[in-house]
Every structure is written in structure tokens, then in C-alpha cells.
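Numbering (full-length UniProt numbering), first residue to last: 1 to 462.
What follows is the structure, encoded as C-alpha cells:
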């Protein structure tokens with residue numbers, strides 16, 4: 001008889017949520033995690049600590065730029081970097097200890113150490129082998145490397161090192177204009193660093209709505225970030241305190257060098273499944289190193305499932321959580337489901353950027369007739385009162401049926417506002433349904449309603 005019904009490998013958002021759902025469904029559950037704390041990359045060196053630093057640095061920005069306008073006068077606050085790190089670490093600790101409590105509450109065993117799968121139905125942790133009916137791999141991802149760039153996590157850092165620098169750099173170079181690079185670049189720019197972002201492509205945040213991209217880059221430039229677009233980084237050369245970044249402009253093949261105190265390598269992430277023994281088991285993989293799964297998140301090896309960053313799809317904590325709950329329900333004999341068409345994405349800069357569903361580009365590829373409803377935050381009373389009138393809400397709807405197909409928001413609380421559209425899309429709502437829903441005044445959410453109105457006869461405040 002198996003020791004467990006389910007062993008989950010990895011205690012990140014996908015893994016720990018999956019384990020809790022398994023336990024709630026009556027399955028005897030264990031989680032393998034080699035870190036000293038639960039929560040994976042997200043809680044320890046990703047989503048949560050970066051949001052703490054984004055929040056702290058935004059408060060500084062407000063004090064420096066907007067307090068006097070509101071009649072709040074006094075000495076501008078100085079930055080105590082050591083205390084800011086303490087604050088960040090306390091936030092991490094509070095969240096990770098919360099997961100430990102939930103494990104105890106749900107009687108989930110934490111098998112401390114790094115796991116491997118010597119055979120189907122067996123998980124090895126250290127010298128011990130545990131038997132289980134089902135294995136769910138939730139091993140996550142790790143930062144991608146870049147040829148010619150050697151990371152030391154002191155001067156040349158990934159997002160992990162960037163969260164815990166010894167001091168605030170005077171000059172920072174960010175390689176990559178994606179979510180991680182722009183969030184952390186914003187943090188250090190607000191804290192006084194001169195930040196230059198080098199991006200291989202011609203646009204920031206690849207795959208995003210082009211109108212949002214242009215508006216976003218314009219706002220970030222206004223905030224002080226510099227951009228070198230269409231440039232390929234050739235190498236970095238680092239001493240104990242400085243670095244040089246050599247890059248080549250694609251338009252003319254010219255080579256340039258830029259100096260920095262810190263270089264942040266933010267060129268994306270790759271699936272992490274090293275040491276699990278998947279090759280020996282015959283688990284099928286994609287050419288990009290992702291684990292192949294079916295509609296039930298099961299691999300080609302019966303009883304072995306995979307979720308989150310280690311499989312195909314966007315590397316998002318909430319996508320992993322949804323897959324974790326759905327895979328748990330599949331293992332328990334139920335019918336887990338994830339609607340991959342309604343998974344929001346958010347960038348937590350100021351202003352925030354959020355999207356869900358189709359873009360105009362994907363709709364054109366499908367030859368699908370659509371209409372656009374757009375509303376600028378400049379016409380929103382709450383946004384103007386809060387110095388947050390940059391940006392807009394754009395809703396895409398089917399031209400014939402009016403069904404909402406996607407939304408793109410850049411502006412205040414975009415990461416919260418997008419979920420109104422997510423719920424609408426989940427229920428198959430039309431833009432008119434959203435437009436006819438009463439929204440409290442004055443709120444940022446009125447901008448979403450106005451964009452929905454713009455899909456029909458037109459917005460009121462524009």
C-alpha cells in the first residue's frame with residue numbers, strides 16, 4: 001500500500017495550492033521542498049518581495065513629486081536601504097509562515113530536501129524513498145542565462161540578487177525590457193539610480209498591445225528610465241564593484257559599451273526540472289525543455305502529472321495555482337478545468353499594466369471582426385484627484401455578438417480592474433452587459449464601464 005495518495009514536488013504557488021486542494025479532497029498528501037521556507041520563487045525571491053520594494057519606492061515617489069501639490073509640506077524622506085530590506089524580509093516571512101500554518105492545518109507532510117523520481121510511484125528525498133499513487137511535478141522555473149554574461153549575484157545579478165543588493169547602485173543596466181526588468185528597473189530608478197534598459201526587440205514587453213507598449217514606454221521615460229532598443233548584448237565584464245556591458249545595435253551593427261554599478265539580467269525564465277530523473281522515466285519533453293502534459297495535466301507516464309512553469313504556457317503564479325487546483329481535482333476523480341483564454345497578466349509598475357484575452361493582432365490573425373472601446377483615465381475623476389490620469393482602458397468585443405474578447409489596461413490599479421473583465425469573459429458577457437452594470441462613483445472602475453460604453457454608443461465622459 002502506498003505511503004501517500006499524492007506527492008507534490010515543489011512548494012511554489014502551483015505546488016502548495018495543489019497540495020492544499022488535494023488534502024481538502026481527502027487525499028493523503030506530502031510536498032517535497034528543498035528550500036528552508038515554503039512558497040517557491042514567488043514568495044521568497046519573486047512576486048512578493050518585488051511588490052514590497054515596488055510599494056516602498058512608490059511611496060517615496062509620491063512624497064517627492066505629489067505631497068507638496070496636496071499641501072503636505074516638510075522634509076523629503078531619505079532612504080534607509082537596510083530598513084527597507086528588513087521590511088521586505090518581514091513580508092516574505094509572514095507569507096511563508098502562513099503556508100506552513102496551512103500545511104499543518106490540512107495535515108500535509110513537508111518532506112524537506114530535493115526530490116527525484118527513481119520510478120513511477122516512487123519519490124526519493126535524500127536517502128529515503130516514499131511511495132505514492134500519484135506524483136505532481138511543480139518544480140517551477142529559473143532565470144535564463146545569456147551567452148557572454150556571467151552572473152555573480154553581486155554586480156551582475158538575476159532578479160534574485162537584485163532584490164537584496166548591498167546598496168542602491170548609482171548606475172544600473174537592465175538587460176531585457178520584460179516584466180521583471182521593468183518592475184525592478186522602476187524600483188531602483190525611484191530610489192535614485194540611473195537606469196538604462198537594453199532590449200533586443202524594437203518594443204518593450206513583447207506580445208503586449210502595441211498602443212499600451214508605446215504609452216508604457218513613454219511614461220517610463222518620463223519617470224527617468226532610459227532605453228536602448230534593438231540591441232544585442234555581447235558580453236559583460238565585471239570587477240568586484242563595477243561592470244561594463246558591451247552591446248551591438250542591430251540597425252547598423254555598431255558596437256558600444258556602457259558602464260554600471262549593477263547589471264540586472266532579466267531575459268526571461270526557463271523550466272526547471274534538473275535532477276528529477278525524467279529522461280530515465282521516459283517523460284516526454286518539448287524542444288524548449290517543458291514537460292508535455294495532456295488535458296488532465298498527466299504526462300505520458302501514468303500517475304505522473306505536471307503543472308506551472310515547468311509545462312507550456314505563460315509563467316505566471318496564478319496560472320500555476322489554477323493548474324494546481326485542477327490537477328488535484330483530476331487526481332481525486334473529479335473534473336478539474338482551467339480556462340486558458342481568461343488568464344490575466346499584470347505588470348506592477350506605476351502605472352500598472354494589465355491584460356486578458358485577445359489582442360488586436362491575434363484577432364486579425366484569426367480574421368475575426370471586432371470592435372474597440374477605449375477610455376482615457378484623463379476623463380476619470382478619481383484618477384485626476386490622485387495624480388493618476390495617465391493611461392487608458394481598451395476593451396475588444398466581437399463586432400456581431402458584442403461578446404467581450406479581451407481587455408488591455410494601463411493606469412491606476414490596472415491589476416485589480418482587469419478582473420472585472422475576467423469575470424465578464426468567464427460568463428460570456430457582452431460589452432453592453434458591462435456597460436449596463438452600475439459602478440460606484442468616484443472609482444477607477446468607472447473607466448472600465450466607460451470603455452464598455454465606447455464599444456456601443458460611446459462613453460459619457462469623453
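For each residue, glycine too, the CB sits at the ideal point set by N, CA and C.
At least 7 Å separates the beta-carbon of residue 9 from that of residue 102. Annotation: the continuous alpha helix (DSSP H) that includes residue 160 extends over 159-162.
Taking 7 Å as the cut-off, the beta carbon of residue 88 is found no closer than this to the beta carbon of residue 143.
Closest option to residue 263, judged by alpha-carbon separation, among 152, 63 and 412: 152. By the C-beta criterion, the stretch 72-90 is judged not to be in contact with the stretch 396-405, since fewer than 3 inter-stretch pairs fall below 8 Å. Between the alpha carbons of residue 67 and residue 59 lies a distance of about 10 Å.
In the three-state reduction of the DSSP assignment, residue 305 falls in the strand class.
Taking the CA atoms as reference points, residue 411 sits about 30 Å from residue 140. In the pairwise beta carbon analysis, the stretch 278-290 is classified as touching the stretch 114-123: at least three pairs are separated by under 8 Å. Comparing alpha carbon positions, the residue from 109, 301, 342 and 350 closest to residue 219 is 350. Contact annotation, residue 255 with residue 246: C-beta distance approximately 6 Å; criterion of less than 8 Å satisfied. Of the residues 453, 337, 358 and 155, the one whose Cα lies closest to the Cα of residue 260 is 155.
Between the C-alpha atoms of residue 223 and residue 23 there is a straight-line separation of about 47 Å. Residue 339 carries a coil assignment under DSSP once its states are collapsed to helix, strand and coil. Residue 392 is bridged by DSSP to 376 and 410. Excluding the 5 residues flanking it on each side, residue 230 has same chain C-beta neighbours closer than 8 Å at 199, 200, 201, 202, 249, 250 and 251, in chain order. Three or more Cβ pairs closer than 8 Å define a contact, and the stretch 123-141 meets that threshold against the stretch 313-327. Per DSSP, reduced to three states, the secondary structure at residue 88 is helical. Where residue 30 is concerned, the enclosing beta strand (DSSP E) starts and stops at 29-33.
Across the structure, residue 123 and residue 130 are spaced so that their CA atoms are roughly 5 Å apart. Under a 10 Å Cβ-count criterion, residue 408 is classified as buried, with 16 or more other Cβ atoms of the shown protein chains found around its own Cβ. When the Cα atoms are used, residue 394 and residue 356 turn out to be separated by approximately 11 Å.
Annotation note: the stretch 2-60 contains the following uninterrupted alpha helix (DSSP H) runs of length 4 or greater, listed N- to C-terminal: 13-24 and 40-45. Assignment of beta strand (DSSP E) within the stretch 140-223, counting only whole runs of 3 or more residues, yields 141-143, 171-175 and 194-199 in chain order. For residue 81, the three-state secondary structure derived from DSSP is helix.
If you draw a straight line from the Cα of residue 188 to the Cα of residue 344, it is about 26 Å long.
Across the set 161, 174 and 402, the C-alpha of 402 shows the shortest separation from the C-alpha of residue 430.
Between the stretch 172-192 and the stretch 368-380, the count of C-beta pairs closer than 8 Å stays below three; the two stretches do not touch. For residue 238, the enclosing beta strand (DSSP E) begins and ends at 231-238. With at least 16 other beta carbons inside 10 angstroms of its own, residue 197 counts as buried.
For residue 298, no beta strand (DSSP E) run applies, since DSSP gives it neither H nor E. Shown here, residue 102 sits in a helix according to DSSP, grouped into three states. Residue burial is scored here from C-beta neighbours: residue 348 has at least 16 other C-beta atoms within 10 angstroms and is therefore classed as buried. By the Cβ neighbour-count rule, residue 269 is buried, with 16 or more other Cβ atoms within 10 Å of its own. The straight-line gap separating the alpha-carbon atoms of residue 295 and residue 426 is approximately 19 Å. Within 10 angstroms of the beta-carbon of residue 353 lie 16 or more other beta-carbons, which makes it buried.
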